[in-house]
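Comments concern the structure below.
Number of protein chains: 2
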Amino acid sequence: MKKRPTITDVAKHAGVSKASVSYVLNNVKKVSQSTKERVLLSIEELGYEPDFTAVSLTRQRSQLIGIILPLVNQSIASVMRENTYYNEMISAVEQRARESGFDLLLTGLSRPEHYRTWVQKRKLDGLLFFGLFPKEIYDEMRSIDVPAVLIDTYEEHTDRYPSVNIEDEKGAYLATRHLAELGHTRILFTGTNLKNPVENYRFQGYQRACRESGIASMHPVETFHYHGFKSGYEAAEKVTATDATAVFCTSDIIAQGLIRALFEQGIRVPEDLSVAGFDDIHSSRYSIPSLTTIRQQIQLKGDAAAGKLLEAMKGGSPEPEVLDVSLIVRESTAPLSKGSA
Amino acid sequence: MKKRPTITDVAKHAGVSKASVSYVLNNVKKVSQSTKERVLLSIEELGYEPDFTAVSLTRQRSQLIGIILPLVNQSIASVMRENTYYNEMISAVEQRARESGFDLLLTGLSRPEHYRTWVQKRKLDGLLFFGLFPKEIYDEMRSIDVPAVLIDTYEEHTDRYPSVNIEDEKGAYLATRHLAELGHTRILFTGTNLKNPVENYRFQGYQRACRESGIASMHPVETFHYHGFKSGYEAAEKVTATDATAVFCTSDIIAQGLIRALFEQGIRVPEDLSVAGFDDIHSSRYSIPSLTTIRQQIQLKGDAAAGKLLEAMKGGSPEPEVLDVSLIVRESTAPLSKGSA
DNA sequence: TTGTAGGCGTTATCAA
DNA sequence: TTGATAACGCCTACAA
């Protein structure tokens with residue numbers, strides 16, 4: 001394998017100095033038209049491409065964007081292997097990043113105190129946080145002031161870092177109201193953990209809808225697992241122990257797991273129990289029954305996050321963004337029927 | 001933000017030369033116990049961590065592993081957002097890589113001719129190919145001899161690069177035989193494209209099972225799409241146009257899409273039509289009906305691929321590996337009944 | 001065993 | 001407008 005040409009080769013070939021080549025490369029400074037042409041020609045002829053590792057060293061930046069995913073059991077597996085929510089977002093980010101000349105570094109770091117050095121060692125240009133992390137991590141990041149964008153994160157971090165969120169409260173409100181309008185008066189809220197602000201807002205939306213509909217909120221079911229099938233599957237027990245005729249789940253994947261468990265118990269959805277989800281991940285249109293859910297435009301969200309990060313990396317101060325959501329009615333919800341549980 | 005310490009700082013702090021620090025860092029050469037201790041102490045005190053970009057430049061390698069995903073419509077989205085097959089594997093790879101001090105670079109490159117420079121610019125240490133790519137890409141990679149491991153790839157590339165595959169032929173055979181044993185005599189094969197060796201082997205397995213069962217193979221249905229719900233959903237038309245009473249699909253995601261389409265047409269699975277899939281992705285245990293399928297241990301596959309790559313990067317020559325598969329019988333297949341289509 | 005110095009490929013400073 | 005040349009942070013002969 002012949003070595004690839006360096007800037008020195010180009011300089012020689014064009015009969016100019018390395019500096020000049022660098023100038024035209026980064027079109028900085030004025031370069032005479034003639035040398036510029038000569039340099040460009042040499043670059044073309046030699047098939048030269050700048051070496052990122054060298055550029056990284058001098059520029060102190062890497063053209064790399066780090067994606068921070070939640071770790072469950074020392075692995076991002078739980079988060080990637082069932083719920084395509086993250087994957088849909090990552091793919092959107094990847095495309096946007098690639099178009100702008102950035103590559104994506106994927107990781108779930110194990111220990112918070114490692115983040116900082118990781119970012120520094122790699123000289124990451126920007127970070128995308130998918131979800132909420134321990135507070136100390138944000139502090140670490142701030143101390144090395146690396147641009148970052150937070151997705152699905154509320155709290156005080158947001159006013160320091162740009163964020164992309166959705167109308168969580170509204171989404172849950174819409175779903176719950178939909179169920180109420182179908183005649184349900186015993187509507188259950190099922191989530192993973194109300195300590196998470198995202199879910200908490202959704203719970204508030206649920207409560208508001210109940211209030212406005214003149215029905216009583218029920219004690220929420222929390223699974224204390226991540227958003228996966230199993231979480232919903234195992235929640236079934238708690239769900240069936242109530243007299244609810246309708247359930248709002250804070251994610252589609254939980255809803256799907258729940259529906260599966262109900263199916264095994266002979267409880268029909270929606271005939272016996274209506275179930276609504278949240279996210280509108282891809283599979284929800286294809287599941288049986290297809291899922292009534294709150295659509296958040298996941299790809300748009302990823303794209304927006306990537307866009308804001310690119311802007312922040314250029315020195316801008318992008319505004320936080322809150323994307324709208326909408327109710328998608330499919331097969332998993334139905335009017336309250338006489339025979340309901 | 002205070003600058004992070006460099007090797008020079010450590011050297012000063014310890015009262016030795018940069019070289020000595022480097023020596024203990026890479027424990028190369030003999031270093032006296034005393035200086036070694038002093039250096040380690042300084043490293044500890046200063047919280048020093050080597051800068052990867054600098055190391056990359058001198059060592060000519062990056063501690064980075066590139067993941068090459070198929071691009072559909074200029075995006076890896078299609079491949080990541082529905083079928084968790086890839087995601088399950090990526091997460092396994094990520095964990096293994098992280099444990100060994102490597103980070104993952106995620107990408108779907110648009111143009112084959114870009115791969116080479118991409119790998120070189122980033123000084124990637126190794127590549128993981130998920131699926132089959134245009135031949136020219138392998139040639140490019142060979143020309144810069146970067147270690148790589150191919151997943152789900154047959155053909156002559158395999159004898160140059162280590163590969164991880166599964167018993168594709170056997171898997172399809174098992175599934176088809178299962179359907180035949182249930183009494184089905186009109187069994188349909190549905191895949192995306194028989195030109196892909198993986199699918200072709202599966203077709204051969206299908207044919208063998210038919211032969212051994214004394215039933216006629218049917219003309220295969222090809223969707224000519226990637227493995228997604230839509231692919232299966234749209235295949236329904238072709239499927240129902242036949243007199244098949246059972247269908248073997250080359251992926252779970254296709255099977256799920258197909259089942260959904262059948263559901264909409266009032267065709268019950270498995271009562272009216274048995275459907276078997278391939279992969280055993282996570283959702284297949286939770287779908288309704290749950291899917292009879294061929295299990296490939298996806299995480300194991302990813303882990304094996306990562307392991308081989310790590311070995312190859314150390315200069316080893318890992319053997320190709322073919323993982324076993326097994327039949328998982330669930331709800332989507334049933335004995336042929338009188339009333340079947 | 002330890003230190004000096006050159007090099008990795010670019011960018012950036014400063015003269016010329 | 002251009003060209004030396006010194007960083008950037010680390011590794012590694014080669015010397016000492």
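Line order of the protein sequences matches chains A and B. Numbering follows UniProt numbering, in which position 18 of the first sequence is assigned residue number 18; successive positions increment by one, without gaps. Numbering follows UniProt numbering, in which position 10 of the second sequence is assigned residue number 10; successive positions increment by one, without gaps. For each residue, glycine too, the CB sits at the ideal point set by N, CA and C.
What does the alpha-carbon distance come out to for the pair residue i and residue j?
i, j, result
"A/V24", "A/T35", "9 Å"
"A/G101", "A/E331", "43 Å"
"B/E181", "A/D103", "50 Å"
"B/I76", "B/S17", "48 Å"
"B/T293", "B/L64", "35 Å"
"B/G232", "B/D272", "17 Å"
"A/E140", "A/R98", "27 Å"
"B/K121", "B/R59", "14 Å"
"A/E44", "A/S22", "15 Å"
"A/A11", "B/V28", "37 Å"
"B/M313", "B/V149", "10 Å"
"B/S251", "B/D279", "6 Å"
"A/P318", "B/L309", "40 Å"
"B/S20", "B/E311", "29 Å"
"B/K3", "B/V31", "28 Å"
"A/T6", "B/P5", "29 Å"
"A/V119", "B/W118", "21 Å"
"A/G266", "A/V239", "14 Å"
Pop quiz: residue i and residue j are said to be a contact at Cβ under 8 Å. What is the actual Cβ separation, rounded to whole angstroms?
i, j, result
"B/F130", "B/Y86", "6 Å"
"B/A112", "B/P134", "The residue asked about is misnamed: residue 112 of chain B is Pro in this sequence, not Ala. Correct: roughly 6 Å between the Cβ atoms."
"A/A235", "A/I254", "7 Å"
"B/I67", "B/G302", "Actually they do not touch by this definition, with Cβ atoms about 10 Å apart."
"A/L106", "B/L106", "5 Å"
"A/R96", "A/A306", "4 Å"
"B/T192", "B/E222", "7 Å"
"B/R202", "B/E169", "7 Å"
"A/T190", "A/P320", "Going by Cβ atoms, the distance from A/T190 to A/P320 rounds to 28 Å, so no, they are not a contact pair."
Tell me which residues share the same chain as residue i and place their Cβ nearer than 8 Å to its Cβ, disregarding the 5 neighbours each side in the sequence.
i, result
"B/E167", "V322, L323, D324, V325"
"B/M1", "Interpretation of B/M1 is limited by its pLDDT of 46, a score under 50 that renders its predicted location unreliable; the figure taken from the coordinates is listed afterwards. Cβ neighbours of B/M1 beyond the five flanking positions: none."
"B/S62", "F52, S56, R122, K123, L124, D125"
"A/E88", "I281, H282, I298, Q299, G302"
For residue i, I'd like the list of residues in its chain whose CB is within less than 6 Å of its CB, leaving aside the five on either flank, ordered along the chain.
i, result
"B/N83", "H227, I253"
"A/A246", "L179, H184, I187, S274"
"B/G47", "none"
"A/D152", "G131, V198"
"A/M218", "L188"
"A/A14", "R38, V39, S42"
"B/S290", "R330, E331"
"B/S213", "A180"
"A/P270", "S332, T333, A334"
Leaving out five residues before and five after residue i in sequence, what residues of the same chain have Cβ atoms less than 7 Å from its Cβ?
i, result
"A/G183", "P335, L336"
"B/Q74", "S110"
"A/V72", "S78, V79, Y226"
So which of the options has the shortest CA-CA distance to residue i?
i, options, result
"B/E136", "B/R116, B/E319, B/Y154, B/V149", "B/R116"
"A/D9", "A/E169, A/S42, A/L69", "A/S42"
"A/R177", "A/P320, A/N196, A/Q207, A/A148", "A/Q207"
"A/R268", "B/I288, B/V149, B/Y138, B/R295", "B/I288"
"B/H282", "A/V93, A/P270, A/Q256, A/H13", "A/Q256"
"B/S284", "A/P50, A/R81, A/H13", "A/R81"
"A/H114", "B/E94, B/V79, B/E49", "B/E49"
"B/G205", "B/G171, B/L69, B/G316, B/G266", "B/G171"
"A/P70", "B/A54, B/L69, B/P70, B/E94", "B/E94"
Determine whether the beta carbon atoms of residue i and residue j lie at a separation below 8 Å.
i, j, result
"B/F248", "B/L327", "no"
"B/L57", "A/L57", "yes"
"B/A241", "B/A175", "no"
"A/V164", "A/A304", "yes"
"A/Q296", "A/A92", "no"
"A/P220", "A/L262", "no"
"B/F229", "A/Y286", "yes"
Going by the C-beta, is residue i closer than 7 Å to any heavy atom of the ligand NAP?
i, result
"B/S317", "The ligand NAP is absent from the structure shown, which contains no ligand whatsoever."
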